[in-house]
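*Asks:* I have a structure here, written as structure tokens, and I will follow up with some questions on it.
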Amino acid sequence: MPDPLTTPAAELPVRRLGPEDLDRCLALSEDRAWGREERKWLFLLENAEVYAIEAPSGELAGTVTLTRYGTTAAGIGMMLVATRYGGRGLGRRLMTHVLDTAGDATVFLWATELGRPLYEKLGFETLGVTEARVGRLRPGDDPVLTRPADLGSDLDADPGFDPGSDLDALLALDAEVFGADRAALLARLFAFAEQVRVVEDETGPTGYAVSWRAMNNMLFIGPVVAGDEAAARALVTDLARDADGLVRIEVERTRPGLLDWLGERGVSQAFSTSFMVHGGRPLPGDRTRLYAPMMLAMG
4 MPDPLTTPAA ELPVRRLGPE DLDRCLALSE DRAWGREERK WLFLLENAEV YAIEAPSGEL
64 AGTVTLTRYG TTAAGIGMML VATRYGGRGL GRRLMTHVLD TAGDATVFLW ATELGRPLYE
124 KLGFETLGVT EARVGRLRPG DDPVLTRPAD LGSDLDADPG FDPGSDLDAL LALDAEVFGA
184 DRAALLARLF AFAEQVRVVE DETGPTGYAV SWRAMNNMLF IGPVVAGDEA AARALVTDLA
244 RDADGLVRIE VERTRPGLLD WLGERGVSQA FSTSFMVHGG RPLPGDRTRL YAPMMLAMG
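Positions in the sequence shown are counted from 1; adding 3 to them yields this note's numbering.
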């Protein structure tokens with residue numbers, strides 16, 4: 004196996020990982036002080052394409068993930084290079100690999116300040132800034148304005164449960180907003196989630212949001228799809244209503260009203276990232292109704 008310390012980065016092989024590589028991914032995250040996000044990494048290994056450069060010792064020298072949404076869009080995430088292999092071009096090698104793999108899709112990512120210069124050199128342009136908000140959300144006296152999604156027997160443990168009335172509507176709504184086919188991934192996310200809640204009018208569901216658990220029992224909220232900010236607030240409130248710890252959600256700075264509201268409810272900024280798209284290509288869909296992504300690693 005080529006040694007990343009002595010082999011030119013362009014000559015290093017990149018291989019796809021699977022769930023059996025979970026421990027090595029966790030070790031790399033710890034090396035970069037990202038924490039052991041076991042459930043998140045396993046979800047990525049099972050539902051995205053995770054690529055890596057390996058070291059002769061068997062450890063991972065670097066990783067990157069690619070999540071495809073049909074042939075229309077693709078998200079890049081978890082771009083990590085082990086501390087001892089930094090500054091040797093491994094990040095560029097991994098990024099050029101997934102960009103080639105993504106084909107004609109519109110490719111996007113969220114960049115830290117450390118990673119943004121590399122992405123700019125590779126043709127990514129910044130379209131906005133996203134704040135990661137963390138805290139104990141105080142629901143106040145808000146009434147419950149949303150309901151649990153009826154997702155049907157495919158996602159329910161009870162074999163006698165009738166097929167749900169919401170699943171097709173939620174998948175169609177998400178396809179309108181995101182502009183790409185996320186049906187397979189969303190079905191797996193719904194099964195992975197702690198809650199899926201719906202806001203609706205007389206015509207049916209007009210928005211939905213998902214909560215799921217990650218490291219240290221933190222409750223992540225996303226995606227949040229809604230027709231307006233009031234509906235987005237209701238979905239977030241009801242998902243976090245019974246949270247027994249910290250809540251995290253990512254919101255773009257183009258939504259100051261929602262950010263101010265989160266701050267008033269005790270959910271403050273932890274860090275920010277730049278939302279970037281490759282090659283200046285337009286994003287598909289109607290992003291005016293997307294209030295929070297699924298996760299920064301996937302979109």
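No residue lacks a Cβ here, since even glycine has one placed at the ideal position from N, Cα and C.
What's the call for Phe111, buried or exposed, on a 16-neighbour Cβ count within 10 Å?
*Replies:* As a working mapping, residue 111 is identified with position 108 in the sequence shown. Phe111 counts as buried, since at least 16 other C-beta atoms from the protein chains shown sit within 10 angstroms of its C-beta.
*Asks:* Counting C-beta neighbours from all protein chains within 10 Å, is the total for Lys124 16 or more, i.e. buried, or is it exposed?
*Replies:* By one-based count along the sequence shown, residue 124 stands at place 121. Lys124 comes out exposed.
*Asks:* When the Cα atoms are used, what is the spatial distance from Arg191 to Trp215?
*Replies:* Within the sequence shown, residue 191 is the residue found at index 188, counting from 1. Within the sequence shown, residue 215 is the residue found at index 212, counting from 1. Distance between the alpha carbons of Arg191 and Trp215 is about 12 Å.
*Asks:* From Pro166 to Phe193, what distance separates their C-alpha atoms?
*Replies:* Working through the sequence shown from its first residue, we reach residue 166 at position 163. Working through the sequence shown from its first residue, we reach residue 193 at position 190. Summary for Pro166: the model assigns pLDDT 48, below 50, so the residue's position carries little reliability, and this model does not support an answer.
*Asks:* Put Trp37 into one of helix, strand or coil per three-state DSSP.
*Replies:* Here residue 37 is taken as the residue at index 34 of the sequence shown, counted from 1. In the structure shown, Trp37 sits in coil (DSSP, three-state: anything other than H, G, I, E or B).
*Asks:* Is the distance from the Cβ of Gly182 to the Cβ of Leu286 below 8 Å?
*Replies:* Position 179 of the sequence shown, counted from the first residue, corresponds to residue 182. Position 283 of the sequence shown, counted from the first residue, corresponds to residue 286. Against a cut-off of 8 Å, the Cβ pair of Leu286 and Gly182 comes out as a contact.
*Asks:* Which runs of the beta strand (DSSP E) spanning at least 3 residues fall entirely within the stretch 258-294, listed in chain order?
*Replies:* 270-281
*Asks:* Sort Glu267, Leu117 and Ala76 by Cα distance to Leu102 and report the nearest one.
*Replies:* Here residue 102 corresponds to residue number 99 of the sequence shown, with the count starting at 1. For Leu102, the nearest C-alpha among the options comes from Ala76.
*Asks:* Note the first and the last residue of the continuous beta strand (DSSP E) segment covering Ala135.
*Replies:* The residue given as residue 135 occupies position 132 in the sequence shown. Looking at the DSSP string, the run of the beta strand (DSSP E) that includes Ala135 is Phe127 to Gly138.
*Asks:* Assuming Phe278 contacts Trp113 under a Cβ cut-off of 8 Å, what Cβ separation, rounded to an integer in Å, is found between them?
*Replies:* For the purposes of this step, residue 278 is taken as the residue at position 275 of the sequence shown. For the purposes of this step, residue 113 is taken as the residue at position 110 of the sequence shown. Between Phe278 and Trp113 a beta carbon distance of about 6 Å is seen, short of the 8 Å cut, so the two are scored as contacting.
*Asks:* Strictly by DSSP, which residues pair up with Gly65?
*Replies:* Indexing the sequence shown from 1 puts residue 65 at position 62. According to DSSP, which records beta bridges pairwise, Gly65 is partnered with Ile56 and Val84.
*Asks:* Rounded to whole angstroms, what's the CA-CA distance from Gly260 to Val270? Just pull it up for me.
*Replies:* Position 257 of the sequence shown, counted from the first residue, corresponds to residue 260. Position 267 of the sequence shown, counted from the first residue, corresponds to residue 270. About 13 Å.
*Asks:* Helix, strand or coil: how does DSSP classify Val147 here?
*Replies:* For the purposes of this step, residue 147 is taken as the residue at position 144 of the sequence shown. The answer is coil: DSSP assigns Val147 none of H, G, I, E or B.
*Asks:* Excluding sequence positions up to five away, which residues of its chain have a Cβ less than 6 Å from the Cβ of Arg251?
*Replies:* Looking up residue 251 in the sequence shown gives position 248. Excluding sequence neighbours, Arg251 sits near Val137, Met221 and Phe223.
*Asks:* Does the beta-carbon of Gly283 have 16 or more other beta-carbons within 10 angstroms, so that it is buried, or is it exposed?
*Replies:* The count along the sequence shown starts at 1 and reaches residue 283 at position 280. Classification of Gly283: exposed, given that the 10 Å Cβ count is below 16.
*Asks:* Under three-state DSSP, which class holds Leu222?
*Replies:* For the purposes of this step, residue 222 is identified with residue 219 of the sequence shown, where counting begins at 1. The answer is strand: DSSP assigns Leu222 an E or B state.
*Asks:* Which parts of the stretch 205-251 are runs of the beta strand (DSSP E), unbroken and 3 residues or longer, counting only runs that do not cross its ends?
*Replies:* 207-216 and 222-228
*Asks:* DSSP on Arg119, reduced to helix/strand/coil?
*Replies:* As a working note, residue 119 is residue 116 in the sequence shown. Three-state DSSP puts Arg119 in a helix.
*Asks:* Helix, strand or coil for Glu197? Go by DSSP, reduced to three states.
*Replies:* As a working note, residue 197 is residue 194 in the sequence shown. It is coil, neither helix nor strand.
*Asks:* Figure out for me which residue from Leu262, Arg39 and Arg141 has the closest Cα to the Cα of Glu134.
*Replies:* Start at 1 with the first residue of the sequence shown, and residue 134 comes out as number 131. Of the candidates Leu262, Arg39 and Arg141, the residue whose Cα lies closest to the Cα of Glu134 is Leu262.
*Asks:* With a 10 Å radius around its C-beta and 16 neighbouring C-beta atoms as the bar for buried, classify Pro162 as buried or exposed.
*Replies:* The sequence position of residue 162 within the sequence shown is 159, counting from 1. Note that Pro162 scores a pLDDT of 41, beneath 50, so its modelled location is shaky; the value from the coordinates is reported in the next line. Classification for Pro162: exposed.
*Asks:* For Arg19 and Tyr54, which I take to be in contact (beta-carbon distance under 8 Å), what is that distance rounded to the nearest angstrom?
*Replies:* Taking the sequence shown and counting its residues from 1, one reaches residue 19 at position 16. Taking the sequence shown and counting its residues from 1, one reaches residue 54 at position 51. Indeed they touch by this definition, with Cβ atoms about 6 Å apart.
*Asks:* Along the chain, where does the beta strand (DSSP E) that runs through Ala152 open and close?
*Replies:* Sequence index remark: in the sequence shown, residue 152 carries index 149 (1-based). Careful: Ala152 lies outside any beta strand (DSSP E) and carries neither H nor E.
*Asks:* Does the stretch 167-174 come close enough to the stretch 49-64 that 3 or more CB-CB pairs lie under 8 Å?
*Replies:* no
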